[in-house]
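Participant: Structure incoming, see below.
Protein chains in written order, with my numbering: chain F, 1117 to 1666; chain H, 539 to 592.
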């Protein structure tokens, strides 16, 4: 990696790492009586290891000017592996907490492994660790190809990737230690939030600087989605995390908003995290990798633009549907409900656009598990957005809210849409970017596909059943006007569904493990060029077959 | 800070129309005849194979 950085970039990297190490040292010393001290040591160690690696490779030769005639894909390659590793961690912890709900006694009795701490490790692990790394990795790839321009420099993509993963690490370890803002999907405390802002600004600048040098007059629609993802997530993250730390040497902070304003800000953030992190970004992925893999242009380019603006305008207002029947003013609830229902139009426009692209290529979908991942993702995207609009209607929400139906809905989206489009795109991308003729094992892709589909269906059906049963039991009254069922009785009724959910989730996690194995084995295969060469009638040494050094 | 009444008033007047105006603007952009060529070219962008170089 060092050989790719210019002398100036090496110096800059050393400065960044030194700043990180010094901030870490300050937090470690200042916060020695607080949980933040642990994170200080972590940042210090992160910085020092980075510096040590820099010093070791300092004398590596400078990169040749020939690099400008090639795309810069190494950050993407590392990002793909990080995404898969985080995915396995996040999904395994998810299966673990699912088993805990059915069998609460299986946990060792240590505070840092209690349900309340590891459940958010699951959610942030899969959303930010898996989803975020996949988005960063694919966005760099798509951005360069559709602009026909190389990334602006070699250091900033690494800054984004490594900085982002440090943020994820601070988030996950913080949760285990008991550091949380108690805001869903925004648990990390103020110092981690500041780190993410810096990383995110650099990320956005990479996008702008590359687009400025693009050789295509028009910016391809996938980039619009990726940019909306970056820009809006920055806005959401900053506003929802405006807090006042109790002390610069302590992890605890307080939001400047209070009461219902705080709740509204949080769910404005929370729902738009779904919209711009888990939807817009992955739509960007879909609009590039699906046409490319199917080798067919998108059905309607105009429709993709209309749905882009529809999604961007409408999602912003939908967050209040998370606060139906609360202290939030009634009209704000209604506003969120209306916008959620209207959202169905641009959402189905995107799902329909993807499916219509495949119309006429169903034979390819049948034969190619990679394309099938993407087709299924589009289908689940359509199903989930319909369900979401429906559940946002206030009277429907009175049945579904606080029940497992919500959990089922989220996972129909997260497993069926987000993870499927990611796995499909990664399986397509890995052989391209590592210059291999094919993926290591198509059979394993097939196994993964069916594990993922079966796991998702088991999970979602279990939660639909469980959620509706819960909702009905909680609102069944006897003739005398008292509740027919106690809460405990509704809990007992959940038991079989919770076991089914844990099994479905485990199947999905095993699929991710298979994906990582398949990707690693693909990387270790001889490159496409070497493969054809080896057919020549000449003796070949083992070294020539091995992958050339990066 | 604006009070509740002001916000409701704003939502019921300006809020009613600005999204419609934005939607019309987007539709004009999308269906503007001059943009057709650009979109047709963009549509093929992911497929342009060639040699995967900038």
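Backbone N, C-alpha and C define an ideal beta-carbon position, used for all residues, glycine too.
Where does residue 1328 (chain F) land, buried or exposed, given buried means 16+ other C-beta within 10 angstroms?
Facilitator: Sequence index remark: in the first chain, residue 1328 (chain F) carries index 212 (1-based). Exposed: under 16 other Cβ atoms inside 10 Å.
Participant: What does residue 571 (chain H) pair with, by DSSP beta-bridge criteria?
Facilitator: Position 33 of the second chain holds residue 571 (chain H). Residue 571 (chain H) pairs with nothing; no bridge assigned.
Participant: Could you list which residues in chain H have their beta carbon closer than 8 Å to that of residue 1187 (chain F), in chain order?
Facilitator: Position 71 of the first chain, counting from 1, holds the residue named residue 1187 (chain F). Within 8 Å Cβ-Cβ: 590, 591 and 592.
Participant: Taking 8 Å as the cut-off, is the beta-carbon of residue 1128 (chain F) closer than that to any non-hydrogen atom of the ligand FMN?
Facilitator: As for the ligand FMN, it is missing from this structure, which has no ligand bound.
Participant: Who are the neighbours of residue 596 (chain H) on chain F, taking C-beta pairs under 9 Å?
Facilitator: It is not possible to answer for residue 596 (chain H), since the shown part of chain H is limited to 539 through 592.
Participant: Does the Cβ of residue 547 (chain H) have 16 or more other Cβ atoms within 10 Å, making it buried, or fewer, making it exposed?
Facilitator: For the purposes of this step, residue 547 (chain H) is identified with residue 9 of the second chain, where counting begins at 1. With fewer than 16 Cβ atoms within 10 Å of its Cβ, residue 547 (chain H) is classed as exposed.
Participant: Assign residue 1359 (chain F) to one of three DSSP states: helix, strand, or coil.
Facilitator: In the first chain, residue 1359 (chain F) corresponds to position 243, counting from 1. Residue state, collapsed to three classes: strand.
Participant: Would you check if there are 3 or more beta carbon pairs closer than 8 Å linking the segment 1234 to 1249 of chain F to the segment 1203 to 1220 of chain F?
Facilitator: Yes: at least three Cβ pairs fall under 8 Å.
Participant: Taking C-beta pairs closer than 7 Å, name the residues in chain F that residue 557 (chain H) reaches, listed in chain order.
Facilitator: For the purposes of this step, residue 557 (chain H) is identified with residue 19 of the second chain, where counting begins at 1. The answer, in chain order, is 1429.
Participant: Just to confirm, are residue 1235 (chain F) and residue 1294 (chain F) a CB contact at a threshold of 9 Å?
Facilitator: Counting from 1 along the first chain, the entry for residue 1235 (chain F) is found at position 119. Counting from 1 along the first chain, the entry for residue 1294 (chain F) is found at position 178. Result no, Cβ atoms of residue 1235 (chain F) and residue 1294 (chain F) do not sit closer than 9 Å.
Participant: Name the chain H residues whose beta carbon is nearer than 7 Å to that of residue 1413 (chain F)?
Facilitator: Translated into positions along the first chain, residue 1413 (chain F) becomes position 297. Chain H residues near residue 1413 (chain F): 581, 582 and 585.
Participant: What are the residues that DSSP puts in a beta bridge with residue 1369 (chain F)?
Facilitator: Position 253 of the first chain, counted from the first residue, corresponds to residue 1369 (chain F). Bridge partners of residue 1369 (chain F): F:1361.
Participant: Under 9 Å between C-beta atoms, does residue 1120 (chain F) make it to chain H?
Facilitator: Numbered from its first residue, the first chain carries residue 1120 (chain F) at position 4. Output row for residue 1120 (chain F): interface = no.
Participant: What residues in the segment 1256 to 1277 of chain F have a beta carbon less than 9 Å from any beta carbon of chain H?
Facilitator: Listed in sequence order: 1258, 1260, 1261, 1262, 1263, 1264, 1265 and 1266.
Participant: Could you tell me the distance, in whole angstroms, from the CA atom of residue 1144 (chain F) to the CA atom of residue 1495 (chain F)?
Facilitator: The residue given as residue 1144 (chain F) occupies position 28 in the first chain. The residue given as residue 1495 (chain F) occupies position 379 in the first chain. Rounded to whole angstroms, residue 1144 (chain F) to residue 1495 (chain F) spans 49 Å at the Cα level.
Participant: State the Cα-Cα distance for the pair residue 1192 (chain F) and residue 1170 (chain F), rounded to the nearest angstrom.
Facilitator: Counting from 1 along the first chain, the entry for residue 1192 (chain F) is found at position 76. Counting from 1 along the first chain, the entry for residue 1170 (chain F) is found at position 54. One C-alpha to the other measures close to 20 Å.
Participant: Could you have a look at residue 1267 (chain F) and say whether DSSP puts it in helix, strand or coil?
Facilitator: Here residue 1267 (chain F) corresponds to residue number 151 of the first chain, with the count starting at 1. Residue state, collapsed to three classes: coil.
Participant: Report the option in F:1556, F:1446 and F:1568 whose CA atom is closest to the CA atom of residue 1644 (chain F).
Facilitator: By 1-based counting over the first chain, the position of residue 1644 (chain F) is 528. Looking at the Cα atoms, F:1556 is the closest of the given residues.
Participant: Nearest-angstrom Cα distance between residue 1126 (chain F) and residue 1238 (chain F)?
Facilitator: Numbered from its first residue, the first chain carries residue 1126 (chain F) at position 10. Numbered from its first residue, the first chain carries residue 1238 (chain F) at position 122. Cα-Cα distance, rounded: 35 Å.
Participant: Taking a cut of 8 Å between CB atoms, which residues from the segment 1175 to 1203 of chain F lie near chain H?
Facilitator: Here the close residues are 1184, 1185, 1186 and 1187.
Participant: Assign residue 1421 (chain F) to one of two classes, buried (16 or more other C-beta atoms within 10 Å of its C-beta) or exposed (fewer than that).
Facilitator: The count along the first chain starts at 1 and reaches residue 1421 (chain F) at position 305. Counting Cβ neighbours within 10 Å, residue 1421 (chain F) comes out buried, since at least 16 surround it.
Participant: May I ask you to verify whether the segment 1182 to 1192 of chain F touches the segment 1265 to 1280 of chain F, counting CB pairs closer than 8 Å and requiring at least 3?
Facilitator: With a cut-off of 8 Å, the segment 1265 to 1280 of chain F and the segment 1182 to 1192 of chain F count as touching, because enough Cβ pairs lie within range.
Participant: With distances taken from CA atoms, which of F:1289, F:1436, F:1225 and F:1419 is nearest residue 567 (chain H)?
Facilitator: Sequence index remark: in the second chain, residue 567 (chain H) carries index 29 (1-based). Per the Cα distances, F:1419.
Participant: Using three-state DSSP, classify residue 1151 (chain F) as helix, strand or coil.
Facilitator: For this step, residue 1151 (chain F) is matched to residue 35 along the first chain. Coil.
Participant: Quick check on residue 1593 (chain F): does DSSP put it in helix, strand or coil?
Facilitator: Position 477 of the first chain, counting from 1, holds the residue named residue 1593 (chain F). Three-state DSSP puts residue 1593 (chain F) in a strand.
Participant: Contact check, residue 1363 (chain F) vs residue 1305 (chain F) under 8 Å by CB: the rounded distance?
Facilitator: Position 247 of the first chain, counted from the start, is the residue given in the question as residue 1363 (chain F). Position 189 of the first chain, counted from the start, is the residue given in the question as residue 1305 (chain F). Residue 1363 (chain F) to residue 1305 (chain F), Cβ: 12 Å. No contact.
Participant: By Cβ distance below 8 Å, which residues in the same chain neighbour residue 1570 (chain F) in space, the five residues on each side in sequence not counted?
Facilitator: For the purposes of this step, residue 1570 (chain F) is taken as residue 454 along the first chain, with counting starting at 1. Closer than 8 Å at Cβ, skipping near neighbours: 1620 and 1623.
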